[in-house]
Amino acid sequence: MTGPALPDLDCRQNVEQFVDQFYQRVLADEQLAPVFLDVAAIDLDEHLPHIKNYWCKLLLGQQGYRRHTMNIHRALHARRPLTQADFERWLSLFRATLDEHYSGPYAEKARRIATAIAANMEQNLPEGTV
Ligand code: HEM
Numbered sequence: 223m224t225g226p227a228l229p230d231l232d233c234r235q236n237v238e239q240f241v242d243q244f245y246q247r248v249l250a251d252e253q254l255a256p257v258f259l260d261v262a263a264i265d266l267d268e269h270l271p272h273i274k275n276y277w278c279k280l281l282l283g284q285q286g287y288r289r290h291t292m293n294i295h296r297a298l299h300a301r302r303p304l305t306q307a308d309f310e311r312w313l314s315l316f317r318a319t320l321d322e323h324y325s326g327p328y329a330e331k332a333r334r335i336a337t338a339i340a341a342n343m344e345q346n347l348p349e350g351t352v
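The number in our numbering is simply the position in the sequence shown, starting from 1, with 222 added.
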């Protein structure tokens, strides 16, 4: 039952790989992919380094991300409301990526932080049409 131990998110290389694995799921997801690809029309070459720096800051304390994530999601929400179902889906893909590839204290930290930030973000978006 127990295979070889999964790696932890304890260095930049693993965090970057995790973000790539998470985005493979997000960008293949019927519900979320259009928000990234059509509404925000992200340029992956710009977007992914921001996300990697963001998680390296939160998990490893590395400086490098200095942008206002909440304002960015507020602007997105104004164009296409981010619903409770969207947050549930985002978190379920995040957790599934962790479960499949990582384990250890940093992976658990990522799980806790993502859960808390998603809840906070959802609460702090203005009520809309949803
Ligand atoms: C409903 C759930 C979510 C959706 C659909 C979503 C979607 C997006 C999209 C489309 C962008 C690109 C926006 C743009 O460049 O115009 C973005 C950026 C970002 N998101 Fe989310 N997001 C969600 C939740 C979260 C959560 C919970 C976190 C953190 C735990 C997060 C962290 C980020 C970060 C760090 C960026 C980069 C912002 C930057 O450019 O610096 N997102 N998100």
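Just so you know, even glycine gets a beta-carbon here, dropped at the ideal spot from N, CA and C.
Does residue i come out as helix, strand or coil in the three-state DSSP assignment?
{"i": "Ala255", "result": "helix"}
{"i": "Gln391", "result": "Outside the shown range of the chain, which is 223 to 352, sits residue 391, and nothing can be said about it."}
{"i": "Asp230", "result": "coil"}
{"i": "Ile335", "result": "helix"}
How should residue i be labelled, buried or exposed, when 16 other C-beta atoms within 10 angstroms of its C-beta is the threshold for buried?
{"i": "Ala341", "result": "exposed"}
{"i": "Ala329", "result": "buried"}
{"i": "Ala332", "result": "buried"}
{"i": "Asn293", "result": "exposed"}
{"i": "His299", "result": "buried"}
{"i": "Leu266", "result": "exposed"}
So, are the CB atoms of residue i and residue j less than 7 Å apart?
{"i": "Leu281", "j": "Leu249", "result": "no"}
{"i": "Val241", "j": "Arg302", "result": "no"}
{"i": "Lys279", "j": "Glu238", "result": "no"}
{"i": "Glu344", "j": "Phe309", "result": "yes"}
If residue i and residue j are in contact, beta carbons under 8 Å, what's the gap, nearest whole angstrom?
{"i": "His323", "j": "Leu228", "result": "6 Å"}
{"i": "Leu315", "j": "Phe258", "result": "In fact, because the Cβ distance is near 12 Å, the residues do not count as touching under 8 Å."}
{"i": "Thr319", "j": "Arg234", "result": "Rounded, the Cβ-Cβ distance is 17 Å, inconsistent with contact."}
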